[in-house]
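Asks: Numbering (the numbering used here), first residue to last: 115 to 348.
Glycine included, each C-beta is placed from N, C-alpha and C at the ideal position.
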């Protein structure tokens, strides 16, 4: 458990580059709700790490050799892959193998963190917009749009609260950062949940990512038009 009582996401990082692994570990160490239990270069060491640590989520930067190996990992833990534009062309194949999230190698740290939190809290998919057409054709039943009024419904302060929720902050931490009372924060969180039509903080972060509100979280006040929703069986 994280110090604020939130559930900690146990994460294994897989990347060929030792420098990349070191940088990611340092970045995630600053997040109170993420615990990096192992970092490996790939291959058999990744299978061993998953079997040994039983992580909630595996972050793969690059590729995993062999569909059977990827399928074994995806059966044991949720998998996010950071891939090149060339690999994006194989998105449906990767998702069918069990991958839960695909991000471009050009994604921002905030996008990566939010994808980790979104996928950790539920049965959802996070995919690049350019593959939604192929995904919807190959895996029918996935809704693709959400009313743009959701983006406009949040006040600036509610957007700030939602941004901090996406960073894993507790009510007390949000209250301190915004210089308001914990009671005020609870009220804002309640309104955010109502406006996003969800019941938990984790679901609110998921909706924020999936509708394009992630841009609002990153830019403090810009309210983007709704982006496609990606959902698995929901």
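(1) State the start and end residues of the unbroken beta strand (DSSP E) segment that holds residue 124.
(2) Can you give the beta carbon distance from residue 276 to residue 306, rounded, assuming they're within the 8 Å contact cut?
(3) Does the distance from the C-beta atom of residue 278 to that of residue 230 stay below 8 Å?
(4) Under a three-way DSSP split, which group does residue 312 fall into?
(5) Answer with yes or no whether the minimum CB distance from residue 183 to chain E is below 8 Å.
(6) Any contact between the stretch 153 to 167 and the stretch 193 to 209? By contact I mean 3 or more CB pairs, one from each, below 8 Å.
(7) Cβ atoms of residue 146 and residue 282: under 8 Å apart, would you say?
(8) Any contact of the stretch 130 to 138 with the stretch 149 to 158, i.e. 3+ C-beta pairs under 8 Å?
(9) Compare the beta carbon distance of residue 160 and residue 187 with 8 Å and say whether it is the shorter of the two.
(10) For residue 170, which residues from the same chain have a beta carbon less than 6 Å from its beta carbon, with the 5 sequence-adjacent residues on both sides left out?
(11) Count the other CB atoms within 10 Å of the CB of residue 192; is the residue buried (16 or more) or exposed (fewer)?
(12) What does the alpha-carbon distance come out to for the pair residue 295 and residue 272?
(13) If you follow the beta strand (DSSP E) that residue 216 is part of, which residue opens it and which one closes it?
(14) Is residue 215 buried or exposed, if buried means 16 or more other CB atoms sit within 10 Å of its CB?
(15) Please state whether the Cβ-Cβ distance between residue 228 and residue 280 is less than 8 Å.
(16) Starting from the Cα of residue 269, find the closest Cα among 286, 142 and 310 and give me that residue.
(17) Let me know the secondary structure DSSP gives residue 319 once reduced to three states.
(18) What is the DSSP secondary structure of residue 178, counted as helix, strand or coil?
(19) Where do the N-terminal and C-terminal ends of the alpha helix (DSSP H) with residue 164 fall, by residue?
(20) Taking the alpha-carbon positions, what's the residue 225 to residue 195 distance?
(21) Please list the segments of the alpha helix (DSSP H) lying wholly inside the stretch 267 to 304, counting only runs of 4 or more residues, in order along the chain.
(22) Any idea what DSSP makes of residue 153, helix, strand or coil?
Replies: In short:
(1) Note, residue 124: beta strand (DSSP E), 123 to 129.
(2) About 5 Å; that satisfies the 8 Å criterion.
(3) Residue 230 is positioned such that its CB atom lies no closer than 8 Å to that of residue 278.
(4) Three-state result, residue 312: coil.
(5) The structure shown contains no chain E, having only a single protein chain.
(6) The stretch 153 to 167, when compared against the stretch 193 to 209, does not touch it at the 8 Å Cβ threshold.
(7) Remark: C-beta atoms of residue 282 and residue 146 approach each other more closely than 8 Å.
(8) Counting Cβ pairs under 8 Å, three or more are found: they touch.
(9) Cβ atoms of residue 160 and residue 187: closer than 8 Å.
(10) Apart from sequence neighbours up to five positions away, the residues of its chain that approach residue 170 with a beta-carbon distance below 6 Å are 123, 124 and 234, ordered along the chain.
(11) Under the 10 Å beta carbon count, residue 192 is surrounded by 16 or more other beta carbons and is classified as buried.
(12) Approximately 14 Å between the Cα atoms of the pair.
(13) Element bounds for residue 216: 215 to 218.
(14) By the neighbour-count rule (16 or more Cβ atoms within 10 Å), residue 215 is buried.
(15) With contacts defined as CB atoms closer than 8 Å, residue 228 and residue 280 qualify as a contacting pair.
(16) Nearest of 286, 142 and 310 to residue 269, Cα basis: 310.
(17) Under the three-state reduction of DSSP, residue 319 is assigned to helix.
(18) In the three-state scheme derived from DSSP, where H, G and I count as helix and E and B as strand, residue 178 is classed as coil.
(19) Element bounds for residue 164: 158 to 167.
(20) C-alpha separation (whole angstroms): 13 Å.
(21) Fully enclosed alpha helix (DSSP H) runs of 4 or longer: 270 to 280 and 285 to 292.
(22) Residue 153 falls in the strand class under three-state DSSP.
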